[in-house]
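J.: Protein chains in written order, with the numbering used here: chain A, 4 to 284; chain B, 395 to 580. Attaching a single structure in structure tokens format; questions to follow.
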Amino acid sequence: MGVREIAAEEITSTIRRLCIEANTILGDEVVEALKKGLEQEESKTGKDIFRQLLDNAKIAKQEGIPLCQDTGMVVVFIEMGQDIHIVHGGLNQSINEGVRQGYRDGYLRASSLDPLVRKNFGDNTPAIIHVEIVPGDKLKLTVVPKGFGGENMSRVVLLTPASGMEGIKEFVLQTVEKAGANPCPPVIVGVGIGGTLEKAAFIAKKSLLRPIGQRHPDHQIAILEQELLDKINRLGIGPQGLGGNVTALDVHIETYPTHIAGLPIVVNLQCNCHRHKEAVL
Amino acid sequence: MPETISINTPLTDEILKDLKTGDSVLISGVIYSARDAAHKRLVELISKGEKLPFEIKGQIVYYVGPTPPGPGMIIGSAGPTSGYRMDAYAPILIAEGLKGMIGKGMRNQKVKEAIKRHRAVYFAATGGAGALISKTIKKTEIVAYEDLGTEAIRRMHVKDFPTIVVNDIYGNDLYLQGKRRYRKTG
Ligand code: SF4
């Protein structure tokens with residue numbers, strides 16, 4: 004197979020568009036999950052919140068107003084075919100330029116800053132860029148504006164193998180319980196089990212991209228997802244933490260082989276404003 | 395039973411005594427936006443004995459950092475940010491006469507005590523409903539700290555801004571009580 008060329012400008016304009024769309028148009032899958040949540044929720048206040056979130060999605064889409072004022076830090080997942088050659092510029096630069104343009108032209112909030120000096124850069128760059136090289140000649144770009152209500156309540160633990168399945172379950176439940184209202188429930192709970200410290204975090208975050216309601220293909224993991232979802236929804240936290248039986252819309256677990264001595268776990272919480280948008284070039 | 399109540403700012407004792415945990419409250423009138431950086435500056439002024447950039451007595455502060463307004467818009471998306479980050483500052487503002495806070499998420503014990511002692515209220519707005527909430531903000535003007543950008547203090551004129559009472563003057567907390575009510579585990 005020959006090498007396919009993709010121009011850096013095309014990546015920039017695609018990222019620009021994805022940033023704006025992700026922030027103003029809630030995906031159908033999330034809207035459906037909110038409608039289902041509205042039906043299942045027992046609390047009156049909780050139902051009101053689901054209605055507000057559904058109305059919010061309508062207003063945002065119709066008027067082009069961001070769904071949420073925290074337009075996030077931009078996480079970009081890239082699956083890059085090994086037969087691609089990017090021309091007229093670098094991959095990272097073209098992505099960051101797309102973020103810069105999208106956040107400026109879409110009137111989105113710039114939140115990125117130096118972690119120590121804490122002076123806002125004003126353009127929401129740099130993005131957090133994850134590149135995976137895959138077979139083929141396609142370039143898949145997924146933009147996830149990640150709000151920090153959910154990010155701040157996420158947790159990592161390096162359990163001992165002896166903690167086993169019970170340790171995993173307890174950690175996931177504790178994380179959701181401790182987070183309470185802060186990650187703007189109903190949440191989606193991304194769990195990464197195994198690998199190394201950073202691998203667990205990566206697969207936890209990437210698991211959030213799986214459509215809500217879709218179970219893991221591995222039967223045992225699928226059962227664990229369902230069990231945790233049921234348990235989380237019995238905690239009573241509810242929409243916005245004001246009490247109710249729909250605290251999570253879903254639990255997604257991904258695993259990766261790990262070391263004989265270890266059991267890394269990361270729980271990455273995603274708020275109700277579950278923004279992600281992808282394109283394939 | 396929780397009620398739906400419409401109120402006008404500023405908050406008086408008369409209004410506050412009727413606001414109970416769980417009530418839905420539609421707020422109209424003036425509220426002030428302030429989040430992390432603005433709180434830090436306000437508290438510094440108080441510690442130096444200097445005058446605040448707005449009269450805080452009876453007022454409501456809204457924890458928000460809106461998106462920039464698009465062309466022809468008054469304000470961008472404007473939902474609440476987490477209240478706990480303002481916990482270090484809130485009791486000082488409450489002691490100065492602040493009567494209401496709008497945010498999301500549980501407050502610490504010191505804030506809850508200050509709320510009860512000085513008779514104030516903490517309201518929750520819906521995180522993730524920034525577009526919907528922006529429609530209830532009819533006019534804004536910057537009052538102070540323009541250099542803080544999204545974190546500047548803005549005077550906001552609101553109409554039927556939707557909130558729920560979390561902490562009332564009677565010492566109740568909806569985050570604790572709501573969870574207890576719907577919990578189905580041991
Ligand atoms: S956690 Fe999500 S919904 Fe809540 S304020 Fe942040 S981005 Fe918005």
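Each residue gets a CB set at the ideal place from its N, CA and C atoms; glycine is no exception.
Name, in chain order, the residues that DSSP records as bridge partners for Asn502 (chain B).
T.: Paired residues: none, contrary to the question.
J.: Which residues, in order along the region 487-503 of chain B, keep a beta-carbon less than 9 Å from a beta-carbon of chain A?
T.: Lys498, Gly499, Met500
J.: Taking only runs that begin and end inside the region 180-225 of chain A, name each unbroken alpha helix (DSSP H) of 4 or more residues, in chain order.
T.: Runs of the alpha helix (DSSP H) spanning 4 or more residues and lying entirely within the region 180-225 of chain A occur at 200-210, in chain order.
J.: Return no unless some Cβ of chain A is closer than 8 Å to the Cβ of Arg548 (chain B).
T.: no
J.: Give every residue of the same chain whose Cβ lies closer than 8 Å to the Cβ of Arg513 (chain B), excluding the five residues on either side of it in the sequence, and list them in chain order.
T.: Asp407, Leu410, Lys493, Ile563
J.: Any idea if Leu29 (chain A) is buried or exposed, counting beta-carbon neighbours within 10 angstroms, 16 or more meaning buried?
T.: buried
J.: Can we count Asp58 (chain A) as close to the ligand SF4, meaning its CB is less than 7 Å from some heavy atom?
T.: no
J.: Where do the ends of the alpha helix (DSSP H) carrying Phe151 (chain A) lie?
T.: 151-155
J.: Cα-Cα, which of A:Val137, A:Lys234, A:Val175, A:Ile68 is closest to Cys22 (chain A)?
T.: The shortest CA-to-CA distance from Cys22 (chain A) to any of A:Val137, A:Lys234, A:Val175, A:Ile68 is the one to A:Ile68.
J.: Below 8 Å on the Cβ atoms is my contact criterion, and I expect Gly93 (chain A) with Cys276 (chain A) to pass it. Report the Cβ-Cβ distance as a whole number of Å.
T.: About 31 Å separates the two Cβ atoms, so there is no contact after all.
J.: Alpha carbon to alpha carbon, how far is Thr403 (chain B) from Asn95 (chain A)?
T.: 49 Å
J.: Give a yes or no on whether 8 Å exceeds the smallest Cβ distance from Ser157 (chain A) to chain B.
T.: no
J.: Would you verify that the beta carbon of Ile98 (chain A) is, or is not, closer than 8 Å to some beta carbon of chain B?
T.: no
J.: Would you tell me roughly how many angstroms separate the C-alpha atoms of Pro447 (chain B) and His91 (chain A), rounded to the nearest one?
T.: 51 Å
J.: For the ligand SF4, is there any heavy atom lying closer than 7 Å to the beta carbon of Pro186 (chain A)?
T.: yes
J.: Between Lys445 (chain B) and Glu490 (chain B), what straight-line distance do the alpha-carbon atoms span, to the nearest angstrom?
T.: 11 Å
J.: Would you call the region 177-188 of chain A and the region 212-225 of chain A in contact, with 3 or more CB pairs under 8 Å?
T.: no
J.: Using the Cα positions of Gly464 (chain B) and Lys414 (chain B), report the straight-line distance between them to the nearest angstrom.
T.: 37 Å
J.: Kindly examine the ligand SF4 and report whether one of its heavy atoms sits closer than 7 Å to the Cβ of Phe151 (chain A).
T.: yes
J.: Contact criterion: CB-CB distance below 8 Å. Does Ser422 (chain B) meet it with respect to chain A?
T.: Chain A contact via Cβ: absent.
J.: Ignore the nearest five residues each way along the sequence and tell me which others in Lys182 (chain A)'s own chain have a CB closer than 7 Å to its CB.
T.: It is Ala, not Lys, that sits at residue 182 (chain A) in the sequence shown. Contacts found: Met156, Leu272.
J.: Quick one: does Val455 (chain B) have its CB under 8 Å from some CB of chain A?
T.: no
J.: Please look up how many angstroms separate the CB atoms of Pro458 (chain B) and Pro485 (chain B), rounded, as I've assumed it's under 8 Å.
T.: First, the residue type needs correcting, since residue 458 (chain B) is Val and not Pro in the sequence shown. That pair is no contact at about 20 Å.
J.: Going along chain B, which residues have a C-beta under 9 Å from Cys71 (chain A)?
T.: Thr461, Ser471, Gly473, Gly521, Gly522, Ala523, Gly524, Ala525
J.: CB-CB under 7 Å to Thr1 (chain A), same chain, minus the five flanking residues each way: which ones, in chain order?
T.: The question about residue 1 (chain A) has no answer here: the residues shown for chain A are numbered 4 through 284.
J.: Could you tell me the alpha carbon to alpha carbon distance between Val33 (chain A) and Lys280 (chain A), rounded to whole angstroms?
T.: The straight-line gap separating the alpha-carbon atoms of Val33 (chain A) and Lys280 (chain A) is approximately 12 Å.
J.: Counting only Cβ-Cβ distances shorter than 9 Å, please list the residues of the region 22-54 of chain A near chain B, keeping chain order.
T.: Within the region 22-54 of chain A, contact with chain B at the beta-carbon level (separation under 9 Å) is assigned to Asn26, Thr27, Glu45, Ser46, Lys47, Thr48, Gly49, Asp51, Ile52.
J.: For Val79 (chain A) and Gly195 (chain A), which I take to be in contact (beta-carbon distance under 8 Å), what is that distance rounded to the nearest angstrom?
T.: Not a contact, Cβ separation roughly 18 Å.
J.: On the DSSP letters alone, give me the boundaries of the alpha helix (DSSP H) that Phe53 (chain A) sits inside.
T.: 47-66
J.: Nearest chain A C-beta to Thr579 (chain B) closer than 8 Å, yes or no?
T.: yes
J.: Please tell me whether, using a cut-off of 7 Å, the distance from the CB of Thr475 (chain B) to the nearest non-hydrogen atom of the ligand SF4 is below it.
T.: yes
J.: Hey, does Arg278 (chain A) have any beta-carbon neighbour from chain B nearer than 8 Å?
T.: Using a CB distance cut-off of 8 Å, Arg278 (chain A) does not count as an interface residue toward chain B.
J.: Note down, in chain order, each residue of its chain lying with its Cβ closer than 7 Å to the Cβ of Gly244 (chain A), except the 5 sequence neighbours on either side.
T.: Gly183, Ala184, Pro188
J.: Nearest chain B C-beta to Arg20 (chain A) closer than 8 Å, yes or no?
T.: no
J.: What are the start and end residues of each continuous alpha helix (DSSP H) run of 4 or more residues lying completely inside the region 123-180 of chain A, in chain order?
T.: 151-155
J.: Reducing DSSP to helix, strand and coil, say where Ile89 (chain A) ends up.
T.: The DSSP-derived three-state label of Ile89 (chain A) is strand.
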